[in-house]
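The next block holds one structure in the form of structure tokens; read it before the comments.
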Amino acid sequence: MIIQLKKSIDNNEAALFADQNKAFHIQENGAEVLITSSSVKELPQDLKDKADNHWVFDNDMQLASREYMSKTREVRIGDVIIGGDTKNTLLIGGPCSVESEAQIQESSALLKSLNLTTLRGGCYKPRTSPYSFQGLGLEGLKLLAKMREEHGLNVITEVRDATHVEDVIEHSDVIQIGAKAMYDQGILRACAKARKPVLLKRGFGTTLQEFVQAAEFILSGGNDQVILCERGIRTFETKTRFTLDLCGVAYLQEYTNLPIILDPSHALGYRYGIEKLAQACVAMGIDGLLIETHPDPSVAKSDAAQQLTHDGFKQLIKAINPVAQSIGYKIV
Ligand code: PEP
Ligand code: MN
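In our numbering, the protein residues as written are 1 to 332.
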């Protein structure tokens, strides 16, 4: 249950009520808000005359639900706002991994030349094999910070496990929680305390219910800047790397109030169809698109097969712009 307390109730009093009712306590829209277990169906006795409003739920989708908040939440990334009434589709581009200063400079120059604002690049890579490139770690984070400084770009990078979560929070503008890290409680709880947007990727074996529950960890811990990212799930199909779950996206758009970013690069796993998939994604009216692109994909240290060349990335923008326009959206 979500209980919105009367405006006259201050933070300290709300904290006390939260304690007495084993509830989470956050502030939202200028009011103190308590969130109890979803099994609570009746307004607790001691809060009967303290509440302005309350919502009862039959599952764990509470703060993320459209029942609670009918409009998509707004999330600000630098000067760009997504969600709300904006109809912005934020195009995030950059390599899978930060590999060297020369490489990430080229990626930054590409984005700047296209008037894009948000650079991606992983520094702590959650590789399937211990023998693959694991990322540059802190050195990579510092390179991203340099790109922010030199080019005014916002940077998004992933946290692989709780050991370096504070470093990622410090050096990024958007914290990405990777598909394999999505269940890590240490990461979720640390991101709940961060004052930065979080891009939460759906695990490839994660149900929509579990995905939203992970988002609820961040929201109920006090961070309302959560963006969901569909990046493909594992099915019986092996010809493509994963299966982009557009039905799941329709579900999330219908029932949750969180902005949604789609990542066709990791879903397909190959360069050849990314442009068409991106068009299909944009046609759904989404808040963002994440596309991997590398100055020279043939030498990429991770996800080489799916990264677009810079020419391919420019071509993709040409292909998605009219699709966005046709539904009243803008690629930003
Ligand atoms: C990535 O964004 O490079 C990445 C590893 O993504 P995912 O967590 O979706 O596999
Ligand atoms: Mn990748």
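Just so you know, even glycine gets a beta-carbon here, dropped at the ideal spot from N, CA and C.
Identify every residue that forms a DSSP beta bridge with residue i.
{"i": "E13", "result": "Answer is none; E13 lacks a bridge partner."}
{"i": "H25", "result": "L34"}
{"i": "I177", "result": "V159, L200"}
{"i": "C247", "result": "DSSP, once it has assigned bridges, lists no residue as partnering C247."}
{"i": "Q225", "result": "The partner list for Q225 (beta bridge, DSSP) is empty, contrary to what the question assumes."}
{"i": "Q4", "result": "V33, N53"}
{"i": "K330", "result": "N88"}
{"i": "I286", "result": "Answer is none; I286 lacks a bridge partner."}
{"i": "L119", "result": "G93, V155"}
{"i": "E230", "result": "L262"}
{"i": "E292", "result": "G94"}
Measure the Cβ-Cβ separation of residue i and residue j and say whether it is below 8 Å.
{"i": "V168", "j": "N154", "result": "no"}
{"i": "P95", "j": "E292", "result": "yes"}
{"i": "L34", "j": "F17", "result": "yes"}
{"i": "M61", "j": "T235", "result": "no"}
{"i": "I261", "j": "I286", "result": "yes"}
{"i": "A267", "j": "G232", "result": "yes"}
{"i": "L144", "j": "V98", "result": "yes"}
{"i": "G78", "j": "T117", "result": "yes"}
{"i": "G269", "j": "F313", "result": "no"}
{"i": "P295", "j": "E101", "result": "no"}
{"i": "S172", "j": "I26", "result": "no"}
{"i": "I156", "j": "Q134", "result": "no"}
{"i": "I274", "j": "L308", "result": "yes"}
{"i": "G137", "j": "P259", "result": "no"}
{"i": "A250", "j": "T89", "result": "no"}
{"i": "L110", "j": "H310", "result": "yes"}
{"i": "E32", "j": "L63", "result": "no"}
{"i": "S38", "j": "N59", "result": "yes"}
{"i": "S302", "j": "S108", "result": "no"}
{"i": "V165", "j": "G186", "result": "yes"}
{"i": "G203", "j": "E158", "result": "no"}
If distances are taken between C-alpha atoms only, which option among the options comes closest to residue i?
{"i": "T207", "options": "V282, E170, C247", "result": "C247"}
{"i": "A181", "options": "R189, H171, L199, R160", "result": "R160"}
{"i": "W55", "options": "G203, T36, Q45", "result": "T36"}
{"i": "R416", "options": "S129, K71, G178", "result": "One cannot answer for residue 416 here, as it falls past the ends of the chain, which runs 1 to 332."}
{"i": "E170", "options": "K125, E150, K196, V80", "result": "K196"}
{"i": "K112", "options": "G122, P130, G93", "result": "G93"}
{"i": "V226", "options": "G205, L200, S265", "result": "L200"}
{"i": "P322", "options": "V80, N29, V282", "result": "V282"}
{"i": "D245", "options": "G205, A304, D58, L110", "result": "G205"}
{"i": "G288", "options": "K87, E237, L5, A304", "result": "K87"}
{"i": "S298", "options": "I320, A280, R271", "result": "R271"}
{"i": "G30", "options": "A14, E158, N115", "result": "A14"}
{"i": "R76", "options": "C123, Y124, N223", "result": "N223"}
{"i": "K142", "options": "P126, P264, I104, P130", "result": "I104"}
{"i": "F211", "options": "A304, S65, D19, I2", "result": "S65"}
{"i": "T163", "options": "E150, M147, D184, R148", "result": "D184"}
Helix, strand or coil for residue i, going by three-state DSSP, please let me know.
{"i": "R73", "result": "coil"}
{"i": "H54", "result": "strand"}
{"i": "S97", "result": "strand"}
{"i": "Q306", "result": "coil"}
{"i": "L138", "result": "helix"}
{"i": "C281", "result": "helix"}
{"i": "G78", "result": "coil"}
{"i": "K239", "result": "coil"}
{"i": "N257", "result": "coil"}
{"i": "R271", "result": "helix"}
{"i": "N154", "result": "strand"}
{"i": "S132", "result": "coil"}
{"i": "L262", "result": "strand"}
{"i": "E42", "result": "coil"}
{"i": "S65", "result": "strand"}
{"i": "R195", "result": "coil"}
{"i": "R127", "result": "coil"}
{"i": "G83", "result": "coil"}
{"i": "N59", "result": "coil"}
{"i": "A145", "result": "helix"}
{"i": "L354", "result": "With the chain represented from 1 up to 332, any question about residue 354 goes unanswered, as that position is not in the structure."}
{"i": "K314", "result": "helix"}
{"i": "G205", "result": "coil"}
Taking CB distances under 8 Å as the criterion, tell me whether residue i reaches chain B.
{"i": "T163", "result": "Among the chains of the structure shown, chain B does not appear; only one protein chain is present."}
Taking 7 Å as the cut-off, is the C-beta of residue i nearer than that to any heavy atom in the ligand SAH?
{"i": "H294", "result": "As for the ligand SAH, it is missing from this structure, which binds only the ligand PEP and the ligand MN."}
Handout entry: Three-pair Cβ contact test at 8 Å for the region 215-229 versus the region 320-329
Key = no
Practice task
Determine, using beta-carbon pairs with one atom in the region 3-13 and one in the region 39-55, whether at least three such pairs fall under 8 Å.
Solution key: yes
Practice task
Answer yes if the region 63-70 comes into contact with the region 183-194, meaning at least three C-beta pairs across the two stretches below 8 Å, and no otherwise.
Solution key: no
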